[in-house]
Amino acid sequence: MAIRIVLGEDSFLVREGIASVLRNLDDVELVETAGDLDELRASVEQTKPDVVVTDIRMPPSNTDEGIQFADELRTSHPDVGVVILSQHAEPRYAMALLSAGSGRRAYLLKERLTDEAELNQAVHNVAAGQSLIDPRVVEKLVTAREKWDSELGNLTPRELEILGLIAQGRSNRWIASHLTITKRAVERHINAIFLKLDLGEPEEVNRRVQAALLYLSGDRG
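Take the sequence shown: its position 208, counted from the start at 1, is 213 in our numbering, and no numbers get skipped.
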């Protein structure tokens with residue numbers, strides 16, 4: 006039985022190119038294409054595909070709609086596999102995709118699309134409940150993991166404890182109450198964490214997200 010696929014890509018020419026590759030794959034049926042997130046969501050609801058192949062960036066905001074939609078599908082359609090196509094080899098994008106689990110998820114660089122075998126394997130892997138990460142991303146992930154482990158090793162036990170609570174989504178006020186310390190003390194610890202982890206994003210919310218991902222990437226409880 007053919008694997009039924011919905012494709013999401015905002016560029017018409019790129020979409021047609023990817024569609025052509027998909028139509029050449031073994032045991033694959035491309036049932037519909039979409040040019041933005043709303044169309045993609047509607048296509049999935051209407052056609053009930055086995056796999057969604059989508060660009061990481063889609064209108065309306067062209068940021069990380071593909072990853073956001075993959076997260077949505079974990080709840081609305083948990084049996085649907087997702088292959089994210091991206092130009093970004095940075096590990097943080099793959100980590101965001103896999104943060105809630107790796108099953109039925111694949112992250113593939115667009116440059117790999119010239120090799121039909123790579124996309125074919127990704128589609129069949131996620132359809133079977135497995136995963137696939139582009140080798141270039143894995144290489145960078147291993148290198149980054151070694152760096153992150155070294156940086157996490159520089160944190161004090163209290164800083165690690167607070168970082169773990171940040172990873173759980175706790176606010177500064179909640180952390181202060183939980184640890185029976187002042188909110189100002191929590192802020193000092195968090196600033197020290199950001200400094201030691203070399204997180205330079207200006208918005209604190211972005212730094213909190215990055216810090217949480219670093220912590221979770223180490224499989225700490």
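Don't be surprised by glycine CBs; every beta carbon is placed ideally from N, CA and C.
The structure presented is a predicted model; accordingly, all values stated were derived computationally and were not measured.
In its own chain, which residues sit with a C-beta less than 6 Å from the C-beta of residue i, not counting the 5 before and 5 after it?
i      : result
Arg117 : Glu123
Leu18  : none
Pro207 : With a pLDDT of only 47 at Pro207, under 50, the local geometry of the prediction cannot be trusted, and no value is derived from it.
Gly226 : Its pLDDT being 40, under 50, Gly226 is placed unreliably by the model, and the measurement read from it follows with that caveat. None.
Gln135 : none
Which residues share a DSSP beta bridge with residue i?
i      : result
Ile138 : Tyr112
How would you write the range of the beta strand (DSSP E) that residue i sits in, first residue to last?
i    : result
Ile3 : Outside the displayed span of the chain (6 to 226) sits residue 3, for which this structure offers no information.
Provide the residue span of the alpha helix (DSSP H) that contains residue i, from first to last.
i      : result
Gly169 : 162-172
Leu27  : 17-28
Arg193 : 188-201
Ser107 : Unbroken run through Ser107: none, as it is neither H nor E.
Ser182 : 177-184
Ala133 : No alpha helix (DSSP H) contains Ala133, which DSSP labels as neither H nor E.
Leaving out five residues before and five after residue i in sequence, what residues of the same chain have Cβ atoms less than 7 Å from its Cβ?
i      : result
Arg79  : Ala105
Ala197 : Glu164
Ser91  : Ile61, Tyr98, Tyr112, Leu114, Lys115
Arg178 : Lys188
Take residue i and list the residues in its own chain whose beta-carbon comes closer than 8 Å to its own, dropping the five residues that flank it on each side.
i      : result
Ile10  : Leu27, Val33, Glu34, Leu35, Val36, Pro54, Asp55, Val56, Val57, Val58, Val128
Thr52  : Arg9, Val11, Val36, Glu37
Gln126 : Leu137
Ala7   : Asp32, Val33, Glu34
Asp203 : Glu156
Glu121 : Val26, Asn29, Leu30
Lys201 : Glu156, Asn159, Leu160, Glu164
Ala47  : Ala39
Ala190 : Ala181
Asn67  : Asp15
Arg141 : Ala94, Leu114
Glu50  : none
- Item | Those runs of the beta strand (DSSP E) which lie wholly inside the region 33-93 and span at least 3 residues | Listed in chain order, the beta strand (DSSP E) elements of length 3 or more contained wholly in the region 33-93 are 33-39, 56-60, 86-91.
- Item | Three-pair Cβ contact test at 8 Å for the region 138-145 versus the region 162-170 | no
- Message: Taking 8 Å as the cut-off, does the region 57-75 touch the region 83-90 (at least 3 CB pairs, one atom from each stretch)?
- Response: yes
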